[in-house]
Amino acid sequence: MLKLGLIINTFLVLLPTFFVINASFRNTNDIFSAPLSLAERFDLTNYQLVFEQGNFGRYFWNSLIVTGGSIVVILILGTLAGYALARYSFRLNNVVYVFFLTGLLIPAKLALVPLFIQLKNMGLLDSRIGLILLYSAGALPAAVFIFTGFIKALPADLDNAARIDGATEFQVFRKIMLPLIVPVMSIVGIYSAIPIWNDFLLPLVFIKDTSKMTIMQGMTVFFGEYANDWGGLFAGLSLAALPIVLLYVILSGQFIKGLTAGATKG
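In our numbering, the protein residues as written are 258 to 523.
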């Protein structure tokens with residue numbers, strides 16, 4: 258019964274994706290005349306249009322830079338902050354931890370105007386670096402929360418044994434702690450990468466230069482004043498989903514290890 262439920266759930270989740278990919282091989286008139294019909298042939302015209310008219314390569318590269326840069330910053334700062342909060346006792350430990358957690362309560366939409374002014378004053382408006390900083394700051398609270406909780410559950414004897422053997426604090430972190438939290442890093446990476454890659458709001462507000470637009474922002478080229486090219490849009494969305502799917506496939510082993518480790522700690 259459980260397997261049947263999982264199969265049905267998987268089918269329902271993948272069904273919209275199937276229709277998007279199917280529509281990417283059809284033109285707009287065919288989509289509107291019979292939305293649920295299967296494509297008669299694998300026509301790659303829409304995909305060719307995405308690269309020629311939609312400038313997909315440029316938008317893809319921009320999204321890759323922004324997402325990749327954000328994930329690197331999130332993982333570096335998240336692991337260091339989580340390790341410090343979990344392993345070291347200092348006067349403001351709880352205050353700093355709560356400060357990070359408050360970031361989970363503040364939606365980015367509420368701070369668009371202050372963020373716009375801040376980036377303008379810093380000279381980072383209309384730049385990929387500005388987006389990287391925004392995404393990193395937005396995802397860091399959740400990353401710190403996950404890393405801190407996981408590291409706290411690890412035995413402190415591991416650290417102490419390494420220190421007795423003469424390891425420095427950095428060596429303890431790099432050689433002892435870091436290998437243990439790789440599965441959790443995969444979870445945080447995937448958890449953070451998906452909303453960053455798919456985000457439309459922040460690039461729309463902070464990026465005006467067409468050469469710096471991300472994929473989701475760039476797909477608006479298929480929306481016209483009087484008509485929309487739905488075939489080209491679906492083709493672009495199908496291509497845009499590939500990197501996230503590949504990322505999950507590559508990191509799925511570590512992802513499952515992280516979930517299993519988190520479920521069995523203690």
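Glycine is no exception: its CB is placed at the ideal position from the N, C-alpha and C atoms.
Computed from a predicted model, the values in this text were never measured in an experiment.
Item: Cα-Cα separation, F491 to F427; Value: 48 Å
Item: Buried or exposed (CB count within 10 angstroms, at least 16 for buried), D225; Value: Residue 225 lies beyond the range of the chain shown here (258 to 523); nothing can be said about it.
Item: Cutoff 8 Å; reference V429; Cβ partners in own chain excluding five residues on either side; Value: D416, A419, R420
Item: Residue interval of the alpha helix (DSSP H) (run including G360); Value: Run containing G360: none; DSSP gives neither H nor E here.
Item: Residue span of the alpha helix (DSSP H) that contains M434, given as start and end; Value: That residue, M434, is in no alpha helix (DSSP H); it is neither H nor E in DSSP.
Item: Secondary structure of F480, DSSP reduced to three states; Value: strand
Item: Residue interval of the alpha helix (DSSP H) (run including Q310); Value: No alpha helix (DSSP H) holds Q310; DSSP gives it neither H nor E.
Item: Presumed contact (8 Å Cβ cut-off) between Y316 and G423, rounded CB distance; Value: About 51 Å separates the two Cβ atoms, so there is no contact after all.
Item: Under 7 Å between C-beta atoms of S320 and T477; Value: no
Item: Within 7 Å, strictly: CB atoms of I389 and G325; Value: no
Item: Distance between R283 and G380 (C-alpha atoms, nearest Å); Value: 44 Å
Item: Rounded separation between S468 and W318 - CA only; Value: 10 Å
Item: Neighbourhood of Y304 by C-beta distance below 6 Å, restricted to the same chain and skipping five residues each side; Value: A492
Item: Three-state secondary structure (DSSP) of G519; Value: Residue confidence is low: G519 scores 47 on pLDDT, short of 50, so the model does not pin down where it sits. Its coordinate-derived value is still stated next. It is helical.
Item: Best match in L271, P273, L504, T336 for proximity to R431 [C-alpha to C-alpha]; Value: T336
Item: L269 (DSSP reduced to helix, strand or coil); Value: helix
Item: Alpha carbon of I322 to alpha carbon of G387, nearest angstrom; Value: 12 Å
Item: Which of helix, strand or coil DSSP assigns to N284; Value: coil
Item: Runs of alpha helix (DSSP H) wholly within the region 295–354 (minimum 4 residues, chain order); Value: 302–309, 313–344
Item: Neighbourhood of V352 by C-beta, 8 Å cutoff - its chain only, sequence neighbours within 5 removed; Value: none
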